[in-house]
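Numbering (the working numbering), first residue to last: 13 to 344. Even glycine gets a Cβ: it sits at the ideal position worked out from N, Cα and C.
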Amino acid sequence: MAVTLKEVAERAGVSRSAVSRTFTNGASVSEKMRRKVERAAEELGYSPNALASSLTTGRTKLIGLISDNFHNPFFLKAFDVFTSGLQARDLRPLLVNLTSMPDPDQAAQMLRQYSVDGVIVASSTVPPSFATLFEKAGIPAVFAFARYRGSDSSNVVGIDNEHAGSFAARLLIERGYRNIGYLGGPKTAVSTTDRLKGFSAEMASQGLGFSHSFSEEYSFDAGRAEMLRLIDEGNLADVYFGADDIISIGALSALQSRGFKVPEDVGLLGLNDLEMAGWDNINLTTIRQPIGQIAAASVDLMVSLLDDPERHPEARLFPCTLIERGSLRTKV
């Protein structure tokens, strides 16, 4: 059976409250007392009960990590760095899959039941109502990978998606492309609309038009299905900015299955820099989104919110960089 706080107190010859204070961050306890308690705890193999300590501190250290796109390997990588980052700061990630829970109220209720101290929303497709919902519930929230227009007090960490869109358009024009297409994710996704906005503005500034279409979700199958539809309609552009790597990889599969060569017949540009984008059989030129920096900044911002819930909301944006591979023609 687990060693109890009472047993540690008896071994150390101190009160149970002294043991409790020793293992409570910020509690007052003398250095001599701390050494006695820690030595007794080590001898007995005692570990503090995190759930029990939350009753004393009023903090569970649970952070809801929310997403709704488990089809996209980008988010599997994101979960890896987010959970590692939270655990390194002595916080406990509670992973929440919204795929089967589209109702924001249902999600918020579940998070309240677990008494989370805060939430990190790692998605660009959840509805903007999430921002105001967490505000009303008094749950500190950080939104990663997307900008939310539904609230002026949202904490946001990610890239400037409009700038990424304009960067992509400028690159394709510089490479000599003129018959250009935008292949986005879901129409309602903030990342899709923001990237399209920046892409459109840059194309217009150059006096050029472009075609655009959308995939049903950020997934390989959705990107492949949309590109197959474009092929069957016989209205292919010379190059596509697939505003996500996994969509671009699906589009690449569709093109190759119909006998098109990339980049000789059709060029492709992605965004994210997934590990698989660099595989030899994919070799996708892409715009890198710095997942590690975004995750670290999101966790850092969450810690700041927990320390000071009244702090002014902020946006932390990171630049994108081009990762040159083999799915675009070389510079003209």
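Using CA coordinates, which residue listed in the options is at the minimum distance from residue i?
i: residue 338; options: 251, 315 and 320; result: 251
i: residue 152; options: 327, 315 and 341; result: 315
i: residue 229; options: 210, 261 and 196; result: 196
i: residue 145; options: 129, 258, 157 and 119; result: 119
i: residue 267; options: 278, 191, 300 and 16; result: 278
i: residue 308; options: 73, 99 and 86; result: 99
i: residue 18; options: 39, 47, 60 and 43; result: 60
i: residue 334; options: 257, 86 and 108; result: 257
i: residue 311; options: 77, 288, 248 and 86; result: 77
Consult DSSP for residue i and reduce its assignment to one of helix, strand or coil.
i: residue 290; result: helix
i: residue 234; result: helix
i: residue 253; result: strand
i: residue 151; result: coil
i: residue 22; result: helix
i: residue 227; result: coil
i: residue 340; result: coil
i: residue 60; result: coil
i: residue 17; result: helix
For residue i, which residues does DSSP report across the bridge?
i: residue 327; result: 168
i: residue 298; result: 282 and 335
i: residue 77; result: 107 and 132
i: residue 189; result: None, per the DSSP bridge assignment.
i: residue 156; result: 134 and 169
i: residue 248; result: In DSSP, residue 248 forms no bridge with anything.
i: residue 271; result: BP columns for residue 271 are empty, so no partner.
i: residue 195; result: 225 and 254
Distance check for residue j and residue i, CA to CA, integer angstroms please.
i: residue 194; j: residue 136; result: 18 Å
i: residue 84; j: residue 284; result: 11 Å
i: residue 233; j: residue 55; result: 56 Å
i: residue 272; j: residue 206; result: 30 Å
i: residue 290; j: residue 29; result: 56 Å
i: residue 180; j: residue 34; result: 55 Å
i: residue 177; j: residue 52; result: 60 Å
i: residue 321; j: residue 24; result: 38 Å
i: residue 243; j: residue 237; result: 10 Å
i: residue 325; j: residue 231; result: 32 Å
i: residue 50; j: residue 95; result: 28 Å
i: residue 188; j: residue 275; result: 13 Å
i: residue 127; j: residue 341; result: 53 Å
Excluding the 5 residues flanking residue i on each side, which residues of the same chain have their C-beta closer than 6 Å to its C-beta?
i: residue 155; result: 133, 166 and 168
i: residue 214; result: 178, 181 and 182
i: residue 185; result: 218
i: residue 253; result: 180, 194 and 281
Counting only the same chain and skipping the five closest in sequence on each side, list residues whose C-beta sits under 7 Å from that of residue i.
i: residue 41; result: 30, 33 and 34
i: residue 15; result: 56, 57 and 58
i: residue 171; result: 301, 329, 330 and 332
i: residue 336; result: 297
Considering only residues of the same chain and omitting the five flanking positions on each side of residue i, which have a CB-CB separation below 8 Å?
i: residue 198; result: 137, 204, 226, 227, 228, 229 and 230
i: residue 20; result: 31, 49, 52, 53, 56 and 58
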